[in-house]
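Have a look at the structure below, then the notes.
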């Protein structure tokens, strides 16, 4: 089955710890994205990558880091510098890197900071 | 700057009722794309439709239909004969070509509850 997987589904972190969220796609899509969703709000873009070994900051990149060493993988690290990391994180991919390409989403990871 | 407004925060209907979710957008471009996504309780966003600004024909897909009106900058979504499985948060989004990939803007979403 082709799709996007995110793991884990639920993640708990102590304050001051870094944590990495996984995102894998087997759709052979070029572009990948990370969004953050807070209750009652729309999605806000954290980072995106149009091609392997390249990525760009989105609207709320502070306190986050990413890597794109393989086409199918785009992990997101939430660092201790992120002041309010508790949120729902969604990964997406699109076949091309045009901003108008349809983005397909994974099931999300819910991060809670204790 | 582009912007998407979904003024209806929550809507509740009884099964079999028709319901329309509103989406109003702002953009300076003549070329742009509009999207609708469904987010069921599981959390994953499910793609429903993509429409470019040059295609104003209304779209129907089963019980779903979309009314695109450039004159009012609206792209409304109607569910006919709603079902409990339609309960979800629905997002409208706008993107413009020729810019960076951070230009897909989402509305705040409308939570639809369909009661049996």
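Residue numbers (my numbering), protein chains in the order written: chain A, 3 to 116; chain B, 3 to 118. Cβ coordinates follow ideal geometry from the N, Cα and C atoms, glycine included.
- Interface annotation, residue 104 of chain A: in contact with chain B, CB-CB separation under 8 Å.
- Within the region 86-110 of chain A, contact with chain B at the beta-carbon level (separation under 9 Å) is assigned to 90, 92, 94, 96, 99, 100, 101, 102, 103, 104, 105, 106, 107, 108, 109 and 110.
- Neighbours of residue 46 of chain B across chain A, judged by C-beta separation under 7 Å: 107, 108, 109 and 110.
- Inclusion of residue 54 of chain B and residue 60 of chain B in the CB contact set at 8 Å is not warranted, their separation being larger than that value.
- Close to chain B, meaning a Cβ-Cβ distance shorter than 9 Å, are the following residues of the region 31-43 of chain A: 33, 35, 37, 39, 42 and 43.
- Distance check between residue 10 of chain B and each of B:95, B:71, B:30 and B:25 places B:25 closest, using alpha-carbon atoms only.
- Chain A has a Cβ within less than 8 Å of the Cβ of residue 35 of chain B.
- The beta strand (DSSP E) runs of length 3 or more contained entirely in the region 15-60 of chain A are, from start to end of the chain, 21-27, 33-39, 45-53 and 56-59.
- Counting every other CB atom within 10 Å of its CB across the protein chains shown gives residue 22 of chain A a total below 16, marking it as exposed.
- For residue 37 of chain B, the beta-bridge partners assigned by DSSP are B:52 and B:95.
- In the DSSP assignment, residue 61 of chain B falls within the beta strand (DSSP E) that extends over 61-63.
- Residue 76 of chain A and residue 25 of chain A have their C-alpha atoms some 5 Å from each other.
- Residues of the region 50-82 of chain B whose Cβ lies closer than 9 Å to any Cβ of chain A, in chain order: 52 and 54.
- Per DSSP, the continuous beta strand (DSSP E) segment holding residue 28 of chain B begins and ends at 26-28.
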